[in-house]
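Residue numbers (our numbering): 66 to 395. Virtual Cβ for every residue (Gly too), placed ideally from N, Cα, C. See below for the structure under consideration.
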Ligand SMILES: [Zn+2]
């Protein structure tokens, strides 16, 4: 399954490089350590990006999470308040890859002049095996959708800690472009945060490395663990919804039967609901197939309960690794 990125990963982990900053920051100035007097207003499309951008921007950013922590990024319906919030933003960080199908119309409605940064740009993608289809505007009887050769890439890139470090570099560079006088601050903070991600990555690996090869297959709620699994050498063989979006609430009885059959064939070692999504089908499938049911995995948001186990992106990495290791290792 890992088929790329090894060389790039090695390079990034040994010597994080910030080519743009070299040009932007010829000399360290007094501005470097002080927060900018005029914080950058940033909007993010994915709840966990708020934590990431705040880590890089510190007191020099004001981050608006358009989904207010608990919204579902796949199926969000913006309100007039979201339109007003976005109008004030200077920068918008989004994932792209069709993760946020609602964002274009929200941007248009707000008439914001914010610069949009697509964090998936330049990041190695994992194809889903699906294809984009062209639909005719007017559906007539007998019309068949035309298939194209455009593969649909999986948008859940942030669950791979290595790809996240690239996104952190991009966030640091673009914040620096917005406030060149604070470029040093953003560079330092980005490097510190990358070091923390690497540390969390080592902790997560320590949980998952001991799992034997035949305990590495699992089922999720929707297809969002490809990048995480490629990185940690796990096999997310199927999902309850069977889709990269959560915008399909009702998997067919046939799909569930297929899933139970597959569990027997593939030696699936556990099934996991997803935090913030219904867990009833995971409970049924676990019981029918006789495999361990794990606690919910965290995909794109943190715990709504401030006492809950996942409050930051680093928590999310480590917690997901720990519950996967504990459940699959049973
Ligand atoms: Zn998703």
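Helix, strand or coil, according to DSSP, for residue i in the structure here?
i: residue 239; result: helix
i: residue 158; result: strand
i: residue 117; result: helix
i: residue 371; result: coil
i: residue 130; result: strand
i: residue 226; result: helix
i: residue 364; result: coil
i: residue 220; result: coil
i: residue 182; result: strand
i: residue 190; result: coil
i: residue 259; result: helix
i: residue 276; result: coil
i: residue 270; result: helix
Cutting at 6 Å between CB atoms, please list the residues of its own chain near residue i, excluding the five before and the five after it.
i: residue 300; result: 281, 282
i: residue 337; result: 285, 359, 362
i: residue 239; result: 182
i: residue 289; result: 221, 364
i: residue 52; result: No information on residue 52 is available, as it lies outside the stretch 66 to 395 that the chain covers here.
i: residue 268; result: 383
i: residue 377; result: 116
i: residue 273; result: 297, 386, 390
i: residue 374; result: 384
Going along the chain, which residues of its own chain have a beta-carbon closer than 8 Å to the beta-carbon of residue i, five neighbours each way excluded?
i: residue 270; result: 297, 386
i: residue 327; result: 302, 303, 333
i: residue 171; result: 131, 143, 147, 148, 151
Can you give me the C-alpha to C-alpha distance between residue i and residue j, rounded to a whole angstrom?
i: residue 295; j: residue 339; result: 19 Å
i: residue 145; j: residue 131; result: 11 Å
i: residue 276; j: residue 388; result: 12 Å
i: residue 127; j: residue 103; result: 10 Å
i: residue 248; j: residue 241; result: 4 Å
i: residue 308; j: residue 137; result: 15 Å
i: residue 244; j: residue 107; result: 13 Å
i: residue 216; j: residue 164; result: 15 Å
i: residue 350; j: residue 246; result: 56 Å
i: residue 394; j: residue 287; result: 22 Å
i: residue 97; j: residue 355; result: Note on residue 97: pLDDT 49, under 50, position unreliable in the model; the coordinate value appears next. If you take the alpha carbons of residue 97 and residue 355, they lie about 58 Å apart.
i: residue 228; j: residue 184; result: 10 Å
i: residue 192; j: residue 105; result: 34 Å
i: residue 265; j: residue 256; result: 14 Å
Output needed for residue i: all residues of its chain with C-beta closer than 7 Å, excluding positions within five of it in sequence on either side, in chain order.
i: residue 343; result: none
i: residue 173; result: none
Item to complete: Just list the alpha helix (DSSP H) runs in the region 279-350, keeping only unbroken ones of 4 residues or longer that don't cross its boundaries, in chain order.
Response: List check, alpha helix (DSSP H) in window: 291-297, 318-331.
Discussion item. With three or more C-beta pairs closer than 8 Å as the rule, is the region 171-181 touching the region 146-157?
Written reply: Result yes; three or more Cβ-Cβ pairs closer than 8 Å.
Worksheet item: Within the chosen definition, does the region 233-252 reach the region 115-135 through at least 3 CB pairs nearer than 8 Å?
Response: In short, these stretches touch, since the Cβ pair count reaches three.
Worksheet item: Relative to ligand 2, what is the chain-ordered list of residues with a Cβ closer than 6 Å to any of its non-hydrogen atoms?
Response: In terms of ligand content, the structure shown lacks ligand 2 and carries ligand 1 instead.
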